[in-house]
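> Attaching a single structure in structure tokens format; questions to follow.
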Amino acid sequence: MSDKLPQPAGLPIFLLDGHEIPFQPGQTVMQAALEAGFYIPHLCFHEEFKPHGSCKVCTVKVNGRTVASCTTAAAADLDVESETSELRDLRKTLVQFLFTEGNHFCPSCEQSGNCKLQAVAYELDVLSAHFNPIFPDRPLDASHPDVLLDFNRCILCELCIRASSEVDGKDVFALAGRGITKHLIVNAESGRLADTKLAVNDKAMSVCPVGVIQRKRRGFAVPIGQRTYDQKPISEVTISRLQGHPIGHAEDQEGDGR
Amino acid sequence: MTAVAKKKLRVATVSLAGCFGCHMSILDIDERLIELLEHIEFDRSPLTDIKTCGPCDIGIVEGGLCNAENVHVLREFRQNCRILVAMGACAVGGGLPAQRNHLDIRDCLQTVYLTGMGVQRGFIPNDPELPLPLDKVHPLHDVVKIDYFLPGCPPSADAIWKFLTDLLAGRTPSLGHGLLHYD
Amino acid sequence: MPEVFSAILVQHEHNPTRLVQILRDVMAAVGELTPKNITAIALGLGLPRARVEGVACFYSFFETEPRGRYRVLFSDSATDRMAGSVQLRQRLLDAFDLKLGEVSRDNLVSIGTTSCTGLCDQGPALLVNGRAIARLTPARIGALSSLIRGGSPVEDWPENLFAIDVHIRRADLLLATPYLPGDLLQAALARGPQGCIDAVRQANLRGRGGAGFTTGQKWQACRDAPGEAHYVVCNADEGEPGTFKDRVLLSDYADQVFEGMTVAGYAIGARQGYLYLRGEYAFLQDHLQAMLQRRRRDHLLGSGILGVDGWDFDIQIHWGAGAYICGEESALIESMEGKRGIPRNRPPYPVTCGYLNQPTVVNNVETLVAAGFIVGQGPEWFGSRGTPRSAGTRLHSVAGDVERPGVYEYPWGVTVRQVLEDAGARLERTQAVQVGGPSGTLLGPSEFGRRIAFEDVPSAGAFMVFDDSRDMVEVIDNFAHFFAHESCGFCTPCRVGTTLIAQMTHHLVQGKGTRRDLKDLSKVALVMKAASHCGLGNTAGNPILQGLQKFRPAFDGKLASTEVLPSFDLDEALAAAREATGREDEDAHFFGEYCAEAANPASALAAHTSRAAPTALSARKSEVP
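Protein chains in written order, with this note's numbering: chain Y, 31 to 288; chain W, 430 to 612; chain E, 19 to 643.
Okay, structure coming up:
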């Protein structure tokens, strides 16, 4: 990662809702937009990991085609639409899908106020799940001495899987099942987190956008009103958090781009 | 204001499988309640102690559906209210009562009334006066059409005030950042 | 580790990319993938255990829960149902006093359903321990239950029970051209690799799997891509309900398929080819292996093909295990690498970065047969049939309400009506044709004059016919449940959308659907179409959108009288509490009463609006449920 970024003036640009967005070769539409200070709602995208595009909340229209902005390579002269009522409606429905398929009991959740799903839902003015809830049965795993897993909240973004595999080198998490029965599992014959190598300092502990992976004895530490998204909406929080951080430049990328 | 007598909007409220926290939040509107009462009057509500719902303009329902009586009352509201509002996390999504949904209600009743710690000579209450619990707790929109959702646990007094004043002024109720909360 | 596992792992050289094949062999050997089995396999391959479990839980034919010693799976395609599969299934369930999905108490038998098994021209069909039985009748079900009770291994059951018919009703370029094994290889040698690609390109051959990509372009891109190795993959994961023409090609034209693969390998510079074969077609195994052996013996495969030094190419069969999504080429490659069948992000495309990250051509069975013949007979021969934009012929799997179901090879451009007439459909009573399977195009009678071609009605090869005795909402509900079952679950729109759609169509079939359901059906289908990760999600809403557009009265006829109904059965929801309390009084039940609801609450409010709230009636709903 270079300390000095090249001047935007020298970079190719694409258009995002009419704004000129400069980008580095290798960046996706999402990465370039965020770096330029433009928020596109997202859940499974994390600036430190290779995008994989499963939540589809970041869907935009590129030259008239709907695509996930997190996996679409930025290219000169793309015409990207993001903040249109059509795309807001689509994103809103996707977020309602996530609330419909899981059990999201915000009032009793330790993650409330710091939860990206909740904050994105606020951003998109989601007032209800709209559809009839599925109420899946997803038992908790409290076996680990320091960590609680509440699968009810899982939105299957795979960030913990990616972090545990790529950063921690432990492969603690994986996905099983398919379709609506797809679910997160841990790497143990017993199926219990206590029988895995997860430790509280693992990267996998800190990437969950919702409240699945909880450090025990730490819940509700921050009073209501002072939590991450209490004061400012997620669009502002995200942009100010990422300000000055280059995201997804070619030299940061590893692997074969798949 | 002109002297022409206004017809006040008639409003009914009820708490089903809720904790009355949303109603407490209505009371938290404080002195603005007086202003509100210039525009509305209450029908069935814990505030009036009227027991059945008559024809109303707006019905505000707190709590989800956990038993047969909840369903009957909700249908009474739907039949009588032109606009039906689901108020609070339980009405909107089932809320905390729905956290029992992964349990078998038979096991719940047996544990509580027969086999639980400290239970002696227990029996499962079977008085027809008691409403039977549903096997799962449901949000209101699983059973009737809901016109507006007002989330929060509870929605703050300011959120309720904003919602009602928007509605009364003919605006689409819009909470915006800070007032829109799920907790 | 049990000895049988060691042998299987050795046979697969402890290669983690062989995981799906290993799990299939373990299933065959011990019948179930228990937690201990999964741990043993993971240890043997040096894979994280959770990853093995994830793969084991992905494919339908891998059982991680105990099942009966006889596992019966009824094919649940729309045409199976039309031929009476539901009644036959019930007969077998009754014979063992079982419910669908249950295991009998003596662990003898379990009975469930599976997606279309590709035997639609001879349905209803089922699989018992992976072996297909077609043309089910009450008598055959009776025989089946006796055999199960008898307890002898399925391998020892009478062979005639497992006979699969081949119905070729119309033959054209591909099915009627005389051919001797090796002909096409000689022709390829004469043309040279680039010459083969040029011929296929000149013929304007487009992929027969559905997407219709130009085959010559695909081959060229693959040939030009740098890599340590190049691969040819024949996609025989024929999972689109109603499609069975690849089964017929593999049973009666296997030489042409393998020869097409060998030509493709020659053209792109590959030394290894794979036939990715759906697990449902296990009955083809011995036949195909024997054919491969014979071709190796005859120097049509292996090293030194046609005696040409350095022309090495061999073919391995890679078995699928019950996952429609693996028909998508990048999911298929993931599966070949021993992973869950999740479509990859593209670019890069398989032609530059496919199997084991090497340049890979994935072609449909029929595409490879056509390509082989083009190399042999020339592009002009191919261009003698079809339309300017859709060259050559196309195989159609015709099934449903027709006299003569089977495979029909027509030039592209044939009208739907022509196919109906030839197959013996009663035209005046035919209400719909589903072209290309559930993800394709639903046509009503006013469209029977349309032509099957890329420029009009494209087709992936299925042709399902429905007469006016069929309930189109039930048909669409069957399609909806298929997609919900087959969604890989990677992306939100398809994972949740397919399930919500199946719930709503189920409501409709039960007569409990509402106008709100119809609105939500379109909404969900459109979101899936726009935002899904791959073709499955993009097309899974097609039956809904086209059904609502073309068969709206069938949907309207299903609607309940009220605007919104409970999404669940209220009285049923009290059953558990009734049981616990022993109550049966009036208040312990809900009776079929519905609440009359104001149709339009906002406008109804108008009459009562005070001056203080003059426009309350016009308040737009913030959230229309």
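Note that the Cβ used here is the ideal one computed from N, Cα and C, for glycine as well.
Three or more beta-carbon pairs under 8 Å between the stretch 167-180 of chain Y and the stretch 585-600 of chain E, yes or no?
no
> Are the C-beta atoms of leucine 157 of chain Y and some chain W residue less than 8 Å apart?
On the first sequence, residue 157 of chain Y is found 127 positions in, with the first residue counted as 1. Interface residue, yes.
> I think valine 434 of chain E touches glutamate 465 of chain E, with their Cβ atoms under 8 Å apart; what is that distance to the nearest whole Å?
Translated into the one-based positions of the third sequence, residue 434 of chain E becomes position 416. Translated into the one-based positions of the third sequence, residue 465 of chain E becomes position 447. So it is a contact: roughly 7 Å between Cβ atoms.
> Can you give me the Cβ contacts of tyrosine 373 of chain E inside the same chain, cut-off strictly under 8 Å, excluding the 5 residues immediately before and after it?
By one-based count along the third sequence, residue 373 of chain E stands at place 355. Around tyrosine 373 of chain E: Tyr249, Val251, Tyr292, Ile351, Met354, Glu355.
> Smallest Cα separation from phenylalanine 53 of chain Y: which of Y:Lys91, Y:Leu108, Y:Cys74?
If you number the first sequence from 1, residue 53 of chain Y lands on position 23. Among Y:Lys91, Y:Leu108, Y:Cys74, the Cα nearest to that of phenylalanine 53 of chain Y is on Y:Leu108.
> Return helix, strand or coil for lysine 565 of chain W, following the three-state DSSP convention.
Numbered from its first residue, the second sequence carries residue 565 of chain W at position 136. Note: lysine 565 of chain W maps to strand in three-state DSSP.
> Taking 8 Å as the CB-CB cut-off, is phenylalanine 497 of chain E touching chain W?
Residue 497 of chain E sits at position 479 when you count from the first residue of the third sequence. For phenylalanine 497 of chain E, the answer is no, since every Cβ of chain W falls outside 8 Å of its Cβ.
> What does serine 138 of chain Y reach in chain W if we use C-beta pairs closer than 7 Å?
What you label residue 138 of chain Y is simply residue 108 of the first sequence in a count that begins at 1. In chain order: Leu525.
> Counting contacts by CB-CB distance shorter than 8 Å, is phenylalanine 471 of chain W in contact with chain Y?
As a working mapping, residue 471 of chain W is identified with position 42 in the second sequence. Closer than 8 Å: no.
> In the DSSP output, what is tryptophan 337 of chain E paired with across the bridge?
Here residue 337 of chain E refers to the residue found at position 319 when the third sequence is read from its first residue. The partner list for tryptophan 337 of chain E (beta bridge, DSSP) reads E:Leu295.
> The alpha helix (DSSP H) spanning arginine 461 of chain W covers which residue range?
Translated into positions along the second sequence, residue 461 of chain W becomes position 32. Element bounds for arginine 461 of chain W: 461-466.
> According to DSSP, lysine 91 of chain Y sits in a beta bridge with which residue or residues?
The sequence position of residue 91 of chain Y within the first sequence is 61, counting from 1. Paired residues: Y:Thr96, Y:Glu111.
> Quick check on aspartate 180 of chain Y - is its C-beta less than 8 Å from some C-beta in chain W?
Along the first sequence, read from residue 1 onward, the residue named residue 180 of chain Y stands at position 150. No, no contact with chain W.
> What residue from Y:Ile70, Y:Lys233, Y:Glu131, Y:His134 has the CA that sits closest to leucine 189 of chain Y's CA?
Taking the first residue of the first sequence as position 1, residue 189 of chain Y is located at position 159. That would be Y:Lys233, whose Cα lies nearest to the Cα of leucine 189 of chain Y.
> Please look up how many angstroms separate the CB atoms of alanine 480 of chain E and threonine 261 of chain E, rounded, as I've assumed it's under 8 Å.
Position 462 of the third sequence, counted from the first residue, corresponds to residue 480 of chain E. Position 243 of the third sequence, counted from the first residue, corresponds to residue 261 of chain E. Between threonine 261 of chain E and alanine 480 of chain E the Cβ distance is about 4 Å, and since that is below 8 Å, they are a contact.
> Taking 8 Å as the CB-CB cut-off, is histidine 82 of chain Y touching chain E?
Here residue 82 of chain Y refers to the residue found at position 52 when the first sequence is read from its first residue. Against chain E, the CB of histidine 82 of chain Y has a partner CB under 8 Å away; the residue lies at that interface.
> By the 10 Å Cβ neighbour count, where 16 or more other Cβ atoms means buried, how is alanine 644 of chain E classified, buried or exposed?
Nothing can be reported for residue 644 of chain E: it is not among the residues displayed for chain E, which extend from 19 to 643.
> According to DSSP, simplified to helix, strand and coil, what is aspartate 243 of chain Y?
Working through the first sequence from its first residue, we reach residue 243 of chain Y at position 213. Reading the sequence as shown, one finds isoleucine at residue 243 of chain Y and not aspartate. If DSSP states are grouped into helix, strand and coil, isoleucine 243 of chain Y belongs with the strands.
> Taking the C-alpha atoms as reference points, what is the distance between valine 48 of chain E and proline 171 of chain E?
Working through the third sequence from its first residue, we reach residue 48 of chain E at position 30. Working through the third sequence from its first residue, we reach residue 171 of chain E at position 153. The alpha-carbon atoms of valine 48 of chain E and proline 171 of chain E are separated by roughly 13 Å.
> Tell me whether serine 574 of chain E sits in a helix, a strand or coil according to DSSP, three-state version.
Position 556 of the third sequence holds residue 574 of chain E. The sequence given here has aspartate at residue 574 of chain E, not serine. Reduced to three states, the DSSP call for aspartate 574 of chain E is helix.
> Would you call the stretch 316-324 of chain E and the stretch 237-246 of chain E touching, i.e. three or more CB-CB distances under 8 Å?
no
> Measuring only between beta-carbons, confirm whether alanine 446 of chain W sits less than 8 Å from chain E.
Here residue 446 of chain W is taken as the residue at index 17 of the second sequence, counted from 1. With 8 Å as the cut-off, alanine 446 of chain W does not count as an interface residue toward chain E.
> Does any C-beta atom of chain E lie closer than 8 Å to the C-beta of arginine 535 of chain W?
Taking the second sequence and counting its residues from 1, one reaches residue 535 of chain W at position 106. Arginine 535 of chain W counts as touching chain E.
> In chain order, which continuous runs of the beta strand (DSSP E) of length 3 or greater are located wholly inside the stretch 169-216 of chain E?
186-188
> Under a CB-based cut-off of 8 Å, is lysine 480 of chain W close to chain E?
As a working mapping, residue 480 of chain W is identified with position 51 in the second sequence. So, not an interface residue.
> Leaving out five residues before and five after phenylalanine 23 of chain E in sequence, what residues of the same chain have Cβ atoms less than 6 Å from its Cβ?
In the third sequence, counting from the first residue as 1, residue 23 of chain E sits at position 5. These residues qualify, in order along the chain: Ala58.
> Can you tell me whether arginine 296 of chain E is buried or exposed? The criterion is at least 16 other CB atoms within 10 Å of its CB, across all chains shown.
Here the question's residue 296 of chain E lines up with position 278 in the third sequence. Arginine 296 of chain E should be labelled buried.
> Have a look at alanine 113 of chain E and proline 259 of chain E and give me their C-alpha separation to the nearest angstrom.
On the third sequence, position 95 is the one that residue 113 of chain E refers to. On the third sequence, position 241 is the one that residue 259 of chain E refers to. Looking at the two C-alpha atoms, the distance is approximately 28 Å.
> Roughly how many angstroms lie between the CA atoms of leucine 526 of chain E and lysine 541 of chain E, to the nearest whole one?
The count along the third sequence starts at 1 and reaches residue 526 of chain E at position 508. The count along the third sequence starts at 1 and reaches residue 541 of chain E at position 523. Approximately 16 Å, taken between the alpha carbons.
> Can you tell me whether DSSP reads serine 474 of chain W as helix, strand or coil?
Looking up residue 474 of chain W in the second sequence gives position 45. Three-state DSSP puts serine 474 of chain W in a strand.
> Name the chain E residues whose beta carbon is nearer than 9 Å to that of phenylalanine 127 of chain Y?
Counted from its first residue, the first sequence places residue 127 of chain Y at position 97. Going along chain E in sequence order, the residues near phenylalanine 127 of chain Y (Cβ under 9 Å) are Thr510, Pro511, Arg513, Val514, Gly515, Leu518, Val542, Val545.
> When you compare the CB positions of alanine 204 of chain Y and asparagine 217 of chain Y, do they come within less than 8 Å of one another, or not?
In the first sequence, residue 204 of chain Y corresponds to position 174, counting from 1. In the first sequence, residue 217 of chain Y corresponds to position 187, counting from 1. Yes, these two residues count as a Cβ contact at 8 Å.
> Of all the alpha helix (DSSP H) runs that stay within the bounds of the stretch 248-292 of chain E, which reach a length of 4 or more residues?
Within the stretch 248-292 of chain E, the complete alpha helix (DSSP H) runs of at least 4 residues are 263-270, 272-286.
> How should threonine 442 of chain W be labelled, buried or exposed, when 16 other C-beta atoms within 10 angstroms of its C-beta is the threshold for buried?
Indexing the second sequence from 1 puts residue 442 of chain W at position 13. Under this definition threonine 442 of chain W is a buried residue.
> Give me the DSSP bridge partner(s) of serine 444 of chain W.
Along the second sequence, one-based indexing puts residue 444 of chain W at 15. Bridge partners of serine 444 of chain W: W:Glu491.
> Can you list, in chain order, the residues of its chain whose CB lies under 7 Å from that of leucine 593 of chain W, leaving out five sequence neighbours each side?
The residue you call residue 593 of chain W lines up with position 164 of the second sequence. Correct list, in chain order: Leu465.
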